[in-house]
DNA sequence: TTGACCCAAATGGTAGTACCATTGTGCCCG
DNA sequence: CGGGCACAATGGTACTACCATTTGGGTCAA
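Residue numbers (the working numbering), protein chains in the order written: chain A, 101 to 382; chain B, 101 to 382.
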């Protein structure tokens with residue numbers, strides 16, 4: 101099964117794809133190191149014997165992948181870049197959102213990853229890191245106990261701790277995957293710091309987690325992680341209950357405003373409105 | 101820290117980005133359902149009051165993200181698509197490759213994920229799935245014992261089993277992340293089936309794993325997983341030894357052929373060569 | 001009636017040109 | 001010596017014209 105298609109539609113349209121592929125190959129092949137620049141668009145135009153639009157489209161694709169960065173002006177051009185984890189995060193977040201993945205599944209995944217991280221961190225993390233985590237968690241608790249603290253600030257701190265925690269596994273893959281997941285679902289974590297009860301419980305639990313980790317007590321650490329996600333699940337469940345009501349209102353609201361961008365206008369003469377508000381600057 | 105920049109360089113260049121953002125918002129906002137099509141490029145040109153090139157660049161970006169699919173001809177246009185997990189995989193693979201992540205770290209990550217999956221699969225998987233895994237692993241073993249079997253075929257089967265295994269966790273996130281990781285590192289798994297010894301050991305181990313899983317014996321299952329990755333680590337290590345030699349040869353070879361694409365030609369009059377072999381079809 | 005064929009319209013793909021905006025460099029003048 | 005200005009390189013945008021592909025309908029013949 102899964103044979104190579106015998107007749108691939110050779111070179112059917114899409115020269116830009118071809119160009120992008122060749123440029124990508126040159127980059128990943130190490131022909132152009134990060135920091136160096138590709139030839140200018142007009143040079144590439146000559147090299148590939150094609151129009152400038154094709155080159156620009158190809159560069160757009162590479163830019164979208166995060167492989168290059170484009171700068172205007174003299175000494176401008178397309179510079180090869182280190183790919184940022186944010187690119188992966190964005191891609192993943194987009195996918196998960198579109199798949200309407202249940203928060204429960206993401207939470208389960210994160211929990212199992214956290215347990216793995218804890219296991220590795222206990223073995224591999226330096227004592228300095230362990231201390232940093234302990235202090236960070238205490239700082240979080242201090243912040244959480246002040247009622248005026250903004251939940252976003254707390255969420256940010258939580259995210260920071262999570263990343264530090266992941267880094268302690270000494271395995272960058274964990275750090276990256278965790279970062280990618282967090283990027284798309286920060287709203288969940290923020291919600292955890294909305295309610296005063298959850299806020300305090302979560303912060304205290306962080307302190308316990310850090311202490312257990314520092315003590316090398318995997319069992320207690322694992323229990324703490326379990327408790328963390330128990331809180332998160334509770335919180336998400338209670339939020340979902342509210343959100344359901346909000347969504348119902350929102351949906352009936354959206355049904356009223358018929359701002360569609362599609363082609364389904366059988367009888368309507370004046371399709372999409374699309375007020376261009378940002379465009380009077382030309 | 102991490103304040104929102106007070107003065108964002110408002111609308112500096114890059115109208116295509118603006119267009120892409122608005123279209124993306126329309127898509128993720130559900131204004132255009134998958135399967136439906138956006139207006140044609142020429143219509144969008146009017147809607148956004150911009151040149152067609154800008155529209156095309158924006159569409160290229162969305163296409164790169166996997167959100168749309170573009171078809172030529174009458175009734176052609178840009179159709180909103182379900183994002184494929186392959187997009188995430190590609191993004192992740194590109195990132196990992198560029199970060200020169202050590203195989204060891206990826207393997208560790210996969211191992212810990214496999215253990216989590218096993219835990220969940222024992223609880224959640226249906227008996228039909230468990231049986232399917234058992235039969236699949238036996239089929240793999242049968243194939244592995246025939247010396248003539250192609251290693252790629254075995255690798256493909258292995259990949260299939262892995263995916264089935266991940267699916268048994270009943271959590272799609274595991275399946276997707278596993279799929280994404282495999283896509284970028286299939287060569288490792290293929291290597292496992294190159295040597296006759298590793299081939300047989302791995303296949304037998306798969307059978308044991310499936311049996312343990314079906315029996316609900318988490319301990320034995322976990323041990324099998326450990327053994328699997330022990331084999332993989334051994335295999336990768338022995339491959340790396342060979343690869344090191346090859347790389348040295350390859351590097352000195354690359355140093356000879358000076359086909360550079362960068363701008364560093366202080367004295368050279370005729371920069372990049374770039375024979376266009378695919379282009380005589382116009 | 002049915003089938004084959006062809007042509008027109010819609011749409012994406014490519015080429016080319018002209019011009020604008022931005023930015024670094026270096027010359028020129030005070 | 002220093003500030004400012006002109007210039008050149010480069011990306012960003014607009015517009016036009018034309019090509020290639022695909023669909024659908026219309027026409028003509030069997």
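Glycine included, every Cβ here is placed at the ideal spot set by N, Cα and C.
Using beta carbons (cut-off 7 Å, strictly below), is residue i in contact with chain B?
i              : result
residue 146(A) : no
residue 229(A) : no
residue 262(A) : no
residue 345(A) : no
residue 198(A) : yes
Using 7 Å as the threshold, is the C-beta distance between residue i and residue j below it?
i              : j              : result
residue 244(B) : residue 210(B) : no
residue 196(B) : residue 284(B) : yes
residue 238(B) : residue 313(B) : no
residue 328(B) : residue 270(B) : no
residue 342(B) : residue 293(B) : no
residue 218(B) : residue 310(B) : no
residue 254(A) : residue 307(A) : no
residue 139(A) : residue 180(A) : no
residue 289(B) : residue 258(B) : yes
residue 143(B) : residue 152(B) : no
residue 198(B) : residue 183(A) : yes
residue 188(A) : residue 266(A) : no
residue 395(A) : residue 282(A) : Residue 395(A) cannot be examined here, being either before or after the span of chain A that is shown, 101 to 382.
residue 216(B) : residue 212(A) : yes
residue 154(B) : residue 191(B) : no
Please compile the residues from chain B whose C-beta is within a distance smaller than 8 Å of the C-beta of residue i.
i              : result
residue 153(A) : 153 and 156
residue 185(A) : 195
residue 128(A) : 194, 197 and 198
Is the Cβ of residue i closer than 7 Å to any Cβ of chain A?
i              : result
residue 192(B) : yes
residue 205(B) : yes
residue 119(B) : no
residue 223(B) : no
residue 288(B) : no
residue 188(B) : yes
Leaving out five residues before and five after residue i in sequence, what residues of the same chain have Cβ atoms less than 7 Å from its Cβ?
i              : result
residue 170(A) : 159, 163 and 178
residue 126(B) : 132
residue 333(B) : 207
residue 303(B) : 240, 241 and 244
Could you give the residue range of the beta strand (DSSP E) that holds residue i?
i              : result
residue 180(B) : 177-180
At a CB-CB cut-off below 8 Å, which residues of chain A make contact with residue i?
i              : result
residue 160(B) : 116, 157, 160, 161 and 164
residue 201(B) : 272 and 273
residue 277(B) : 209 and 277
Over the uninterrupted alpha helix (DSSP H) stretch that includes residue i, give me the two end residues.
i              : result
residue 152(A) : 152-165
residue 170(B) : Element bounds for residue 170(B): not the alpha helix (DSSP H) but the beta strand (DSSP E), 168-171.
residue 236(B) : 227-245
residue 201(B) : Run containing residue 201(B): none; DSSP gives neither H nor E here.
residue 249(A) : No alpha helix (DSSP H) holds residue 249(A); DSSP gives it neither H nor E.
residue 272(A) : 272-284
residue 132(B) : Note, residue 132(B): premise wrong, no alpha helix (DSSP H); not H, not E.
residue 385(B) : Nothing can be reported for residue 385(B): it is not among the residues displayed for chain B, which extend from 101 to 382.
residue 144(B) : 141-148
So with CB distances below 7 Å, who are the chain B contacts of residue i?
i              : result
residue 209(A) : 271, 273 and 274
residue 212(A) : 216
List, in order along the chain, the chain A residues whose C-beta lies closer than 7 Å to that of residue i?
i              : result
residue 113(B) : 172
Excluding the 5 residues preceding and the 5 following residue i in the sequence, name in chain order all residues of the same chain whose CB lies nearer than 8 Å to its CB.
i              : result
residue 321(A) : 218, 222, 309, 312 and 313
Excluding sequence positions up to five away, which residues of its chain have a Cβ less than 6 Å from the Cβ of residue i?
i              : result
residue 203(B) : 336
residue 148(A) : 119
residue 220(B) : 269
residue 318(A) : 222
Can you list the residues of chain A that residue i reaches, using a CB-CB cut of under 9 Å?
i              : result
residue 182(B) : 198 and 199
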